[in-house]
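J.: So the sequence shown is numbered by the working numbering: it starts at 1 and just counts up by one.
Sharing a structure, written as structure tokens. Questions coming.
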Amino acid sequence: MPTCLSSGRLAAGRAFAALMFGALLIALPAFAQEGGDAATDSPAGHTFRWINFAIILGLLVYAFAKLGPTFRTKAQEISEKIAEGTRARETAERQRQEIQAKVANLQNEIEQLHVQAKRDAEAEAQRLRDTGRAESEKIEQAARVEIDAAARAGRQELKALGARLSIQLAEAMLRQELTPQAETKLFQSFVAELGRNVN
Numbered sequence: 001m002p003t004c005l006s007s008g009r010l011a012a013g014r015a016f017a018a019l020m021f022g023a024l025l026i027a028l029p030a031f032a033q034e035g036g037d038a039a040t041d042s043p044a045g046h047t048f049r050w051i052n053f054a055i056i057l058g059l060l061v062y063a064f065a066k067l068g069p070t071f072r073t074k075a076q077e078i079s080e081k082i083a084e085g086t087r088a089r090e091t092a093e094r095q096r097q098e099i100q101a102k103v104a105n106l107q108n109e110i111e112q113l114h115v116q117a118k119r120d121a122e123a124e125a126q127r128l129r130d131t132g133r134a135e136s137e138k139i140e141q142a143a144r145v146e147i148d149a150a151a152r153a154g155r156q157e158l159k160a161l162g163a164r165l166s167i168q169l170a171e172a173m174l175r176q177e178l179t180p181q182a183e184t185k186l187f188q189s190f191v192a193e194l195g196r197n198v199n
């Protein structure tokens, strides 16, 4: 690629030199006319003009022939770069459209995620309420069972206490009523009863 550029520059320099030389040749008849009109109207002047025209034409043809491939190469490079730029622009446009579609879709996905998160939060709250209610019912039922058990134990303890107090009261009453004479009489009746049972 660098050799192509340097040869292109060299060819462009040659073409510029040829064009300058051609411009000088075009300017020569004008300088020749300043000397007088007789020289330009003579057959030699006409011949000189035709030679001058042929030289300029030859130089122009030579310059175009030499610069033609360079111009074609440059034109081809430019068209390739334009095509490459067009492809890059089309690719960038396609990527931009894809990104815009993703951004638009992203907004929809975000909204869907918000809706899903709200639904999940409501479902979780309902599940927690249901779980709390079930736990509360279990605790309440366990408390009832415990209260019933405590009430039964309390009643039994109360009955046992009542029985002990009754026995203690009966003992106290018997001690008050049981005098030594009543005790002797009770002992004699017990012995008599025992004797009857033996016989």
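From the three backbone atoms N, C-alpha and C, an ideal C-beta is built for every residue, glycine too.
If you reduce the DSSP assignment to three classes, tell me which class THR179 lands in.
T.: The answer is coil: DSSP assigns THR179 none of H, G, I, E or B.
J.: So what's SER166 in DSSP terms, helix, strand or just coil?
T.: DSSP places SER166 in helix when its eight states are reduced to three.
J.: Can you check the region 83-157 for any beta strand (DSSP E) of at least 3 residues that lies completely inside it and give the ranges in chain order?
T.: You should have found no qualifying run.
J.: Please state whether DSSP places SER42 in a helix, a strand or coil.
T.: Three-state result, SER42: coil.
J.: 8 Å is my cut-off, CB to CB: does GLU80 come that close to chain D?
T.: Considering every chain present, this structure includes no chain D. It has just one protein chain.
J.: Can you grab the Cα-Cα spacing for the pair ALA44 / VAL61, in whole Å?
T.: Computed Cα separation, rounded: 25 Å.
J.: Quick check on ALA63: buried or exposed, where buried means 16 or more other Cβ atoms within 10 Å of its Cβ?
T.: Buried, by the Cβ-count rule.
J.: Check whether the Cβ atoms of LEU59 and PHE21 sit closer than 8 Å, and answer yes or no.
T.: Going by C-beta atoms, LEU59 is nearer than 8 Å to PHE21.
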